[in-house]
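Take any residue in the sequence shown, note its place counting from 1, add 6, and you have its number in full-length UniProt numbering.
Just so you know, even glycine gets a beta-carbon here, dropped at the ideal spot from N, CA and C.
Report on the structure given below.
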Amino acid sequence: LAVLKGKKALVTGIANDQSIAWGCAKAFHAFGADLAITYRSEKTKRYVDALAKQVDASIYMPLDVQKPGELEVVFDTIKKKWGKLDIMLHSIAFAPKDDLQGRVVDCSKDGFLLAMELSCWSFIGMAKLAEPLMKDGGTLFTMTYYGSQMVVENYNIMGPVKAALEAVTRYMAAELGPKGIRVHAISPGPLKTRAASGLSDFDKLLQKAQAKAPSRSLVSIDDVGVAVAFLAMNGAKLITGETLYIDGGYHIID
Ligand code: 0WD
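Next comes the structure, spelled out in structure tokens:
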């Protein structure tokens, strides 16, 4: 079962044990990978400490992608300690509440740019630093949502932001493919996390997802973890640039 044994994985975006990134960290660990885990602030650290311990993280440090220089420190630490990286998971999104809860047409320029910077550009910034550490190839992941493809009520400015993120995924997959680096966007169905609590009427979205998905069930963070771990395996080396839906089939239904 230790198909990821010897692989080094960086996991960002764990806020608590409901976070999608936590489902992924658990799966990477279960399949034998060695983990680096980051937390956003001292406030979130309280919730993440025990989780990092649970998966024996050998690197555990702060990362706020908005703070200049912090990304560089994380990748320097990985370089010194591991000398390489095989898997990188970007599970970070942010939009100011007023902009997120209003119409796209009303959003502020500053709010839009901040959402783009933290939720989309940060993936590019991380990929750039991961590239030299992935000499034997590797896999980069980000988290997206169906609201990028279709107008989903209340998803608002995150729709265009996630659309850009999926395009970034395809371009970076093309650019890094010759080096054996694969790039994927993972698109889970709605999950009750801290980030989701910023969306209006989120419970309605959950109800609709369950009723419409062919599976008639909601997605769990463990479902996401297993799919991501599969894509990180050597056996998945010819799959790249995907936006992979883990949504019980919701996106195929009109
Ligand atoms: O239904 C959902 N929950 C879905 C979420 C469906 C489909 C996709 N996603 C996406 C989100 O858009 C996001 O990209 O999955 C990703 C992870 O979100 P999550 O697991 O739903 O939410 P959460 O557990 O709140 O983790 C998001 C975390 C932040 O948590 P806190 O509470 O500390 O803000 O993103 C991280 C942070 O850990 N984050 C940052 N990390 C570093 N620097 C930053 C930042 N500036 N901002 C947010």
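So, do the segment 19-27 and the segment 84-103 have three or more beta carbon pairs nearer to each other than 8 Å? yes
DSSP-derived helix/strand/coil call for alanine 15: strand
Which word fits methionine 132, buried or exposed, when buried means at least 16 other C-beta atoms lie within 10 angstroms of its C-beta? buried
Leaving out five residues before and five after phenylalanine 129 in sequence, what residues of the same chain have Cβ atoms less than 7 Å from its Cβ? His96, Thr148, Leu171 and Val174
Local conformation of valine 225 per DSSP, three classes: coil
Thinking C-beta only, is aspartate 92 closer than 7 Å to serine 64? no
Take valine 157 as the anchor and find which of Val110, Ala56 and Ala179 has the nearest alpha-carbon. Val110
So which of His35, Lys11, Thr50 and Phe37 has the shortest CA-CA distance to alanine 21? Thr50
Give me, in chain order, the residues of the same chain whose beta-carbon lies closer than 7 Å to that of serine 154; leave out the 5 immediate sequence neighbours on both sides. Gly165, Lys168, Ala169 and Glu172
Here's a check: name, in chain order, each residue in its chain whose Cβ is nearer than 8 Å to the Cβ of serine 221, leaving out the five neighbours to either side. Gly254 and Gly255
Lysine 11: buried (16+ other C-beta within 10 angstroms of its C-beta) or exposed? exposed
Indicate, with yes or no, if the ligand 0WD has a heavy atom lying under 6 Å from the CB of threonine 83. no
Helix, strand or coil for valine 230? Go by DSSP, reduced to three states. helix
Please report the distance separating the alpha-carbon of alanine 36 from that of alanine 219. 28 Å
Any heavy atom of the ligand NAP closer than 6 Å to the CB of valine 61? No copy of the ligand NAP occurs in the structure displayed; its ligands are the ligand 0WD alone.
Short Cβ contact (7 Å threshold) for asparagine 162 with leucine 106: yes
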